[in-house]
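Protein sequence lines correspond, in order, to chains W and A.
Numbering-wise, the first sequence is residues 290 to 596 according to the numbering used here.
Numbering-wise, the second sequence is residues 783 to 1046 according to the numbering used here.
Input: a single structure, listed below in structure tokens.
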Amino acid sequence: MDILALVNMLPGVAAQGLIWSVMAIGVYITYKILDVADLTVDGTMCTGGAVFIMLSMAKCNLWVALACAFLAGMLAGLVTGLLHTACGIPAILAGILTQLALYSVNLRIMGQSNRPISVDKYPLLVSARYVREPSITNPILVCLVFVLVTIGVLYWFFGTEQGCALRATGANRNMARAQGINTNFTTVLGLMLSNGLVALSAALLAQYQGFADVNSGRGAIVIGLAAVIIGEVLFSKVFHNFALKLLAVVFGSLIYYLVYQVVIWLGLKSDDMKLITALIVALFLALPYWKNRWFARKAKRGIGSHA
Amino acid sequence: MLELKNIYKTFNAGTVNEKKALNGLSLSLKEGDFVTVIGGNGAGKSTMMNVISGAYLVDEGSISIGGVDVTRLPEHKRAQYIGRVFQDPMMGTAATMQIEENLALALRRGSRRGLKPGITKAEREQYKELLKILDLGLEERLTSKVGLLSGGQRQALTLLMATLKQPKLLLLDEHTAALDPKTAAKVLNATEQIIQRDHLTTLMITHNMRDAIAHGNRLIMLYDGRVVVDVEGEEKRRLTVEQLLAKFNQVSGSSEADDKLLLS
């Protein structure tokens, strides 16, 4: 095995990891802050790229196209949110419904299942082509700025009255309502914000890869969860500040892509990665449960300390 | 201040589990009334609290607070009039948020939440002063996560949050029942202090007949979703546990003394 080949992959790992981390931060908002598992993201992860590419091809301004991708994601979140709050559908099912519907919507947006976009013909923000170039257009640098700005804006937002209301909703819905917080509104808001970020990430990914594909979002939620969980397991002891917790998600995403490349470098196919990702996430979700049970058994025997 | 008129509330209507929780309940509170509520299990005490707070909507009847009809108002909109402390210490606070963040949420009850900072420096000083009243040392732990506090500390904090923005009505749903006797007495003492200080109109459910007699200016007993005993003023002051128990047995039609009511 050629270690140089792996080193050669590292810039790509960094760029992809950073792009997906924006998506993982979106997952963090629903899964950790709002305490809702939102499966819409598998659909939104395509929608963002589709909207961006179609608008770019129509000679739309790059930033306007990015903004529209973000808005399209928010719209998807709004649909899931309304299915959940206004129609009383369990959140997980509401997400699945929107995700399914988005498959058709994404095909409608793109007109075909795959849309390529060339960096030669269109002014793209990031492209895999420049990932090894030491220039201002290097996608690693651009994505890093994107990630840091995202963290900064979210850090500000979750410190505002409305942001605190959103956090309270996830922490304790009963208490939130007793303090006059419209939990339906904050839930919808959180879902919109999350899916907006996912779509933004998708728009970056479509540029980086040079195409949008109707299947590119498949399993995105699990990758997002993997990033969130890896970040939490590795950094929760050292990172307490909210901005640092988001940074932990970014590290989680980078580590995920590093593992991804190592696995491929070891000779596995990228098709196997979904299985491996699912195993990793299942394992990390099970660990705290096993740990609790183990301690509970110990306490029963009178070995553990009194609670 | 509070006006409940002919309230009906049935759960699982039309099924074998049908339960008529409130059966034509009517109750009127004057401003500054401190009413203790007793009654056996299933008498409708908690349901009454939940229909007042808007956690449940009523099937029939009307509710008004301070002259405002709130019968159809959702829970979060009624919150501007109501402070609540629940039986479960976990229910009234957000465990993953700091003490000061919890208080800041309570301070904004009833006002529009925008993009202003969620907590300000001036508030922090105010919280420190208020936490001192509780005498639990929480004033030094403003940035501690509430999940680290004991049940009694959380309940005391919830009490502070419920009364931070002076409510038109304070609802206490057996808020000391889950605490050990010493902590319960401390929380009850703080409750009494705050109610006296702010002249709050209060409804307090309790399982403890001694507490029900010792606190407040009026006592009501619920049975089968209705008010069956209502004493106040001088009559309430002279009330003894034995008399109350006799009244309870009289309305419930059974002669067995409910130990739980007496002892808990």
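Note that CB positions come from ideal geometry on N, CA and C, so glycine has one too.
Fair warning: this is a prediction, and the values are worked out from it, not measured in the lab.
By alpha-carbon positions, which one of the options ends up nearest to residue i?
| i | options | result |
| --- | --- | --- |
| A:Ser828 | A:Asp1012, A:Leu924, A:Ala861, A:Glu956 | A:Glu956 |
| A:Leu929 | A:Gly874, A:Gln975, A:Ser844 | A quick correction: the sequence has Gly, not Leu, at residue 929 of chain A. Nearest C-alpha to A:Gly929: A:Gly874. |
| W:Val394 | W:Ala571, W:Leu437, W:Asn504 | W:Asn504 |
| W:Asn530 | A:Gln880, A:Pro856, A:Arg894, A:Gly814 | A:Gln880 |
| W:Phe359 | W:His373, W:Cys349, W:Val340, W:Ala347 | W:Val340 |
| W:Leu355 | W:Gly452, W:Leu437, W:Leu493 | W:Leu493 |
| A:Ile789 | A:Leu897, A:Ile845, A:Val817, A:Leu942 | A:Ile845 |
| W:Leu535 | W:Val517, W:Arg397, W:Ser416, W:Gly469 | W:Val517 |
| W:Ala295 | W:Leu572, W:Val570, W:Leu555, W:Ala588 | Looking at the sequence itself, residue 295 of chain W is Leu, so the reference to Ala does not match. Per the Cα distances, W:Leu555. |
| W:Leu482 | W:Asp291, W:Gly315, W:Ile292 | W:Gly315 |
| A:Glu1016 | A:Asn999, A:Ala1028, A:Gln1032, A:Gly933 | A:Asn999 |
| W:Val434 | W:Arg421, W:Val325, W:Val311 | W:Val311 |
| W:Leu514 | W:Thr449, W:Leu430, W:Ile381, W:Tyr320 | W:Tyr320 |
| W:Phe573 | W:Leu533, W:Ala460, W:Glu521 | W:Glu521 |
Under three-state DSSP, which class holds residue i?
| i | result |
| --- | --- |
| W:Ala501 | strand |
| A:Gln937 | helix |
| A:Leu953 | strand |
| A:Gln975 | helix |
| W:Asp331 | helix |
| W:Phe528 | coil |
| A:Gln880 | strand |
| A:Ile847 | strand |
| A:Arg906 | helix |
| W:Glu521 | helix |
| W:Ala600 | The question about residue 600 of chain W has no answer here: the residues shown for chain W are numbered 290 through 596. |
| W:Ser424 | coil |
| W:Lys563 | helix |
| A:Ile915 | helix |
| W:Leu386 | helix |
| W:Pro577 | helix |
Just checking: is the beta-carbon of residue i within a distance shorter than 8 Å of some beta-carbon in chain W?
| i | result |
| --- | --- |
| A:Lys950 | no |
| A:Ala966 | no |
| A:Gln862 | yes |
| A:Glu857 | yes |
| A:Leu887 | yes |
| A:Ser1046 | Residue confidence for A:Ser1046 is low, a pLDDT of 40 falling below 50, so the modelled location carries little weight; the figure read from the coordinates is stated next. Chain W, which has no Cβ nearer than 8 Å to the Cβ of A:Ser1046, makes this no. |
Measure the C-alpha to C-alpha separation of residue i and residue j and round it to an integer number of angstroms.
| i | j | result |
| --- | --- | --- |
| W:Ser594 | W:Trp583 | Any reading at W:Ser594 needs caution, since the residue's pLDDT is 45, under 50, leaving its predicted position unreliable; the model's value is listed next. Between W:Ser594 and W:Trp583, the C-alpha separation is close to 14 Å. |
| W:Ala465 | A:Asn884 | 10 Å |
| A:Val1009 | A:Leu786 | 11 Å |
| W:Leu386 | A:Lys910 | 48 Å |
| A:Glu813 | A:Arg854 | 23 Å |
| W:Ala383 | W:Thr369 | 5 Å |
| W:Leu478 | W:Ala575 | 30 Å |
| A:Glu974 | A:His997 | 8 Å |
| W:Thr333 | A:Arg860 | 36 Å |
| A:Gly896 | W:Trp445 | 13 Å |
| W:Met343 | W:Asn473 | 33 Å |
| A:Asp851 | A:His858 | 15 Å |
| W:Arg586 | A:Thr984 | 44 Å |
| A:Glu1124 | A:Lys964 | Absent from the model: residue 1124 of chain A. The displayed extent of chain A is 783 to 1046, so no value can be given. |
| A:Met783 | A:Phe816 | 11 Å |
| A:Asn799 | A:Thr792 | 10 Å |
| W:Gly377 | W:Thr475 | 15 Å |
| W:Leu564 | W:Val548 | 13 Å |
| W:Met284 | W:Leu489 | Residue 284 of chain W is absent from the model: chain W starts at 290 and stops at 596. |
| A:Tyr1005 | A:Ala1028 | 14 Å |
| W:Pro300 | W:Ala501 | 21 Å |
| W:Ile318 | W:Pro423 | 33 Å |
With a threshold of 8 Å between beta-carbons, can residue i be considered close to chain A, or not?
| i | result |
| --- | --- |
| W:Gly469 | yes |
| W:Ser594 | Any reading at W:Ser594 must be qualified, since the residue scores a pLDDT of 45, below 50, and its modelled position is unreliable; no value is offered. |
| W:Cys453 | yes |
| W:Ala460 | yes |
| W:Met334 | no |
| W:Met298 | no |
| W:Thr476 | no |
| W:Asn350 | no |
| W:Met464 | yes |
| W:Thr319 | no |
| W:Thr374 | no |
| W:Arg456 | yes |
| W:Thr566 | no |
| W:Thr472 | yes |
Give a yes or no on whether the minimum CB-CB distance between residue i and chain D is below 8 Å.
| i | result |
| --- | --- |
| W:Leu482 | Of the chains in the structure shown, none is chain D; the protein chains are W and A. |
- For the segment 422-451 of chain W, which residues have a CB atom closer than 7 Å to at least one CB atom of chain A, in sequence order? Flagged, chain order: Gly448, Thr449, Glu450, Gln451.
- Query: In chain order, what residues of the segment 889-902 of chain A put their CB closer than 7 Å to some CB of chain W?
  - Reply: Listed in chain order, the positions of the segment 889-902 of chain A with a beta carbon within less than 7 Å of a beta carbon of chain W are Arg890, Arg891, Gly892, Arg895, Gly896, Leu897, Lys898, Pro899, Gly900.
- Task: Taking only beta carbons into account, state which residues of the segment 866-882 of chain A come closer than 7 Å to chain W, listed in chain order.
- Result: Correct list: Arg866, Met873, Gly874, Thr875, Ala876, Ala877, Thr878, Met879.
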